[in-house]
Structure formats: structure tokens, C-alpha cells
Amino acid sequence: MILTKAQYDEIAQCLVSVPPTRQSLRKLKQRFPSQSQATLLSIFSQEYQKHIKRTHAKHHTSEAIESYYQRYLNGVGKNGAAPVLLELANEVDYAPSLMARIILERFLQEHEETPPSKSVINSMLRDPSQIPDGVLANQVYQCVVNDCCYGPLVDCIKHAIGHEHEVLLRDLLLEKNLSFLDEDQLRAKGYDKTPDFILQVPVAVEGHIIHWIESKASFGDECSHHAYLHDQFWSYWNRITFCIHYLCLLWNTLLGTPVWVTDR
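This note's numbering puts the last residue of the sequence shown at 654; the count rises by one with no breaks.
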């Protein structure tokens with residue numbers, strides 16, 4: 391789906407004062423009925439992640455961590471079944487799964503002989519039954535299942551959606567009878583960093599020559615485009631398009647047949 395910059399800015403502005411809850415997503419859908427649920431959820435998630443990155447540091451000072459931990463202990467001391475951690479995260483405007491990580495790490499530091507490793511923390515967040523305290527396990531579980539932007543459940547959903555879109559793209563390429571190499575085939579050939587598909591015979595799309603395709607199952611806002619260009623796309627262009635230029639020049643030299651490829 392293609393949005394105009396004005397449409398995107400309107401949605402993003404609407405999200406400034408919206409808490410990251412499923413109820414907020416339903417209200418967002420009512421406000422923008424012409425946009426798909428998937429588009430709104432993707433924009434919602436990206437805008438919220440930007441907010442979390444901006445405010446992350448203040449939640450990880452020693453003073454903030456100790457304050458959150460004492461508030462958690464006081465809350466569960468009064469009612470261990472109440473959603474203490476979830477309400478605390480919403481109150482201080484921090485992702486529930488990230489708040490659960492802070493409290494879990496602080497709890498383990500107090501009760502374990504050695505500091506918990508990152509892998510142990512991640513494992514407990516994925517499976518709260520591993521947490522050696524039943525009340526905290528329930529609190530962490532509530533945070534994970536109610537977080538629509540962060541946490542192991544969201545990561546699993548994103549991975550599944552990404553894989554689904556790669557399969558759909560593969561089916562479309564096969565339907566169009568286009569010859570391609572996928573990521574596994576490219577790695578077998580020695581490529582260490584690859585796009586999802588390289589077209590063995592480039593195609594023209596709206597006046598542009600396409601050599602490779604990278605599938606991203608998320609909304610492509612300006613910030614994510616810049617990040618992907620820096621982290622992935624330029625390296626693809628440098629390695630893959632350069633090789634195509636070289637092969638075309640070699641073809642010209644051997645056969646005297648002019649073959650042209652475009653730059654970026």
C-alpha cells in the first residue's frame with residue numbers, strides 16, 4: 391500500500407498521545423477506516439519504537455530501576471494477582487515487556503549468586519514458567535501477552551509474517567516465470583550478506599532495472615528506508631551490481647556485443 395506523506399504524517403501525529411494498547415489500535419482503525427489493519431499496526435509499532443528509543447535511557451538509571459522494583463514489591467505485596475507490572479509500565483509510558491525485563495533482571499540479581507546472563511533473561515521472558523517465583527512469573531506473562539510492540543511474542547509474530555511474505559514473493563516470481571536465486575542458494579555460493587532474491591535476468595519496472603529484491607514485511611517510512619539503505623542495501627548494490635557490471639564488460643570483450651546495466 392502506498393501512502394502520501396500527508397497521510398502518513400496525519401497517522402503519525404495521531405499516535406503521539408495514544409498508548410500502545412489493542413484498544414488504541416481499534417480506535418485508530420475507526421479514525422482511518424480506509425487504511426488496512428496491517429498498515430496501521432506497522433506504523434503504530436514503528437512510531438512507538440522511536441518513542442521508546444528516545445526515552446530508553448531514563449528508565450535504566452539505577453534510581454529508576456530501584457524505584458520500579460520497590461513499587462513492584464509494594465504492589466504485589468498488597469495483591470499479587472493484580473496486573474502490577476503492566477499498570478506500572480503503562481503509568482510510566484514504557485513497553486510492558488521491557489519493564490518486565492528490568493524487574494526480572496533486578497529480582498534475579500537479588501536472589502541468585504551470579505548475575506543473570508542475557509540468554510537466561512531471554513529464556514525466562516519466552517517461557518515465564520522458568521522464573522523461580524510464581525507471582526513474578528505471572529506478572530511477566532501479563533506484560534508479554536499485552537505488549538503489541540515488544541517482547542518474544544511480538545518477535546515470533548514478526549518472524550512468521552516476514553517468512554510468509556518471502557513465500558508469497560517466491561510464488562509471485564515463479565508465477566511470472568522469472569529466474570532467480572534465493573538466500574539459501576546464494577549462501578551456498580559463498581555470499582555472506584545477501585538479499586532475499588537475486589534475479590538471474592534483471593527486469594525493468596517503471597523505468598528502473600531490478601537486479602535483486604529484499605522483502606520487508608513492515609511499513610516503509612522515511613526513517614526505516616534510511617536505516618535499511620545504510621545497513622543493507624548499499625552493500626548489496628556494491629557487491630551484486632558491481633559483479634553484474636563486471637560480467638557485462640567481460641561479455642562485451644569476448645563477444646563484442648553491447649550489454650548495458652544502469653547504476654543505482
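We put the beta carbon where it would ideally sit given N, CA and C, even for glycine. These numbers were taken from a predicted model, which means no experiment stands behind them.
Practice item. Would you tell me roughly how many angstroms separate the C-alpha atoms of Q403 and Q439, rounded to the nearest one? Key: 15 Å
Exercise for review: Say whether the segment 521-534 touches the segment 489-504, bearing in mind that this needs 3 or more beta-carbon pairs closer than 8 Å, one atom from each stretch.
Suggested key: yes
**Study point:** Every unbroken alpha helix (DSSP H) within the segment 511-545, with a cutoff of 4 residues, ordered by chain
**Key:** 524-535
Exercise for review: Would you tell me roughly how many angstroms separate the C-alpha atoms of L415 and I433, rounded to the nearest one?
Suggested key: 11 Å
**Study point:** Same chain, Cβ closer than 6 Å to L644, neighbours up to 5 away in sequence not counted
**Key:** Note that L644 scores a pLDDT of 48, beneath 50, so its modelled location is shaky and nothing firm can be said.
Check your understanding: Given a threshold of 16 other Cβ atoms within 10 Å of its Cβ, counted over all protein chains shown, does R444 qualify as buried or as exposed?
Key -> exposed
Review point. Whose CA, out of T504, V510, D537, lies closest to the CA of N480?
Key: D537
Review point. Can you give the Cα-Cα distance for A527 and D561, rounded to whole angstroms?
Key: 42 Å
Review point. Who does L475 pair with in a DSSP beta bridge?
Key: According to DSSP, which records beta bridges pairwise, L475 is partnered with nothing at all.
Point to revise | Three-way DSSP call (helix, strand, coil) for P592 in this model | key: strand
Review point. Comparing the C-beta of R416 with each C-beta of chain C, is any distance below 9 Å?
Key: Any reference to chain C falls outside this structure, which holds one protein chain only.
**Study point:** At least three beta-carbon pairs within less than 8 Å, the segment 501-508 to the segment 446-459
**Key:** no
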